[in-house]
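Notes follow once the structure below has been shown.
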Ligand code: SF4
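In our numbering, the protein residues as written are 52 to 219.
So, in structure tokens, the structure goes:
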């Protein structure tokens with residue numbers, strides 16, 4: 052199944068820990084006021100790519116990988132194959148979403164994807180809670196979640212090592 056991709060940025064340091072390849076997926080319906088990426092909202096923005104084409108770009112530099120957008124969860128079914136392959140090759144995977152972890156628990160396709168995700172940054176961007184001192188997230192309602200322990204517990208486990216404002 053092809054992926055609809057708006058952009059791929061190699062070597063970003065703002066979309067998760069360390070240098071990463073960020074894959075910006077097309078499509079978002081959350082319409083958060085103040086969103087920085089409204090050009091990614093249309094589900095037909097960007098271009099079609101096969102999982103293999105994306106994998107080839109990731110392998111070019113070997114950076115860990117972040118799924119962003121848009122909201123990658125809308126393409127969870129298509130992303131599973133790529134995420135499984137990246138996980139098998141030892142890449143650390145972050146995923147951004149405007150849904151909350153609790154909402155994803157009710158979405159079977161999202162759950163299939165989360166099996167391969169290390170860190171989830173969840174929740175919509177809230178302009179009223181915007182805080183430019185926060186790392187890896189735009190507003191304080193968003194959580195940085197350790198996905199596998201959270202799936203085991205059935206409740207979100209915050210990755211506190213990334214939530215300190217002084218984290219470096
Ligand atoms: S979830 Fe992200 S991409 Fe979607 S509207 Fe909100 S801030 Fe923008």
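C-beta atoms are modelled at their ideal positions from N, C-alpha and C, and glycine is treated no differently.
This structure is a prediction, so every number in the text was calculated from the model and none was measured.
Worksheet item: Any heavy atom of the ligand SF4 closer than 8 Å to the CB of residue 88?
Response: Checking every heavy atom of the ligand SF4 against the Cβ of residue 88, one is found closer than 8 Å.
Item to complete: Would you list, in sequence order, the uninterrupted alpha helix (DSSP H) runs of no fewer than 4 residues that lie entirely inside the stretch 68 to 142?
Response: For the stretch 68 to 142, the full-length alpha helix (DSSP H) segments reaching 4 residues or more read 102 to 112, 127 to 139 along the chain.
Worksheet item: What's the call for residue 103, buried or exposed, on a 16-neighbour Cβ count within 10 Å?
Response: Exposed: under 16 other Cβ atoms inside 10 Å.
Worksheet item: Tell me which same chain residues have a C-beta within less than 7 Å of the C-beta of residue 175, skipping the five on either side of it?
Response: The beta carbon of residue 175 sits closer than 7 Å to the beta carbons of 81, 83, 149 from its chain, once the five residues preceding and following it are set aside; these are given in chain order.
Discussion item. Which residues does DSSP list as the beta-bridge partners of residue 224?
Written reply: This structure gives no information on residue 224, because the portion of the chain shown stretches from 52 to 219.
Discussion item. Please identify the residue among 184, 206, 191 whose C-alpha is closest to the C-alpha of residue 154.
Written reply: In terms of Cα proximity to residue 154, the closest of 184, 206, 191 is 206.
Worksheet item: Residue range of the alpha helix (DSSP H) that residue 173 falls in?
Response: It is not in any alpha helix (DSSP H) - residue 173 instead sits in the beta strand (DSSP E) that spans 170 to 173.
Worksheet entry | Residue range of the unbroken alpha helix (DSSP H) whose run includes residue 185 | In this chain, residue 185 is not harboured by any alpha helix (DSSP H), its DSSP state being neither H nor E.
Worksheet entry | Limits of the unbroken alpha helix (DSSP H) element including residue 198 | Per DSSP, residue 198 belongs to the alpha helix (DSSP H) from 198 to 204.
Discussion item. Please report the straight-line C-alpha distance between residue 169 and residue 179, rounded to a whole angstrom.
Written reply: Those two C-alpha atoms are separated by around 28 Å.
Discussion item. Measuring alpha carbon to alpha carbon, tell me which residue in 208, 60, 192 is nearest residue 112.
Written reply: Nearest to residue 112 by alpha-carbon distance, out of 208, 60, 192, is 60.
Worksheet item: Is it buried or exposed for residue 89, if we count other Cβ within 10 angstroms and need 16 for buried?
Response: Result: exposed.
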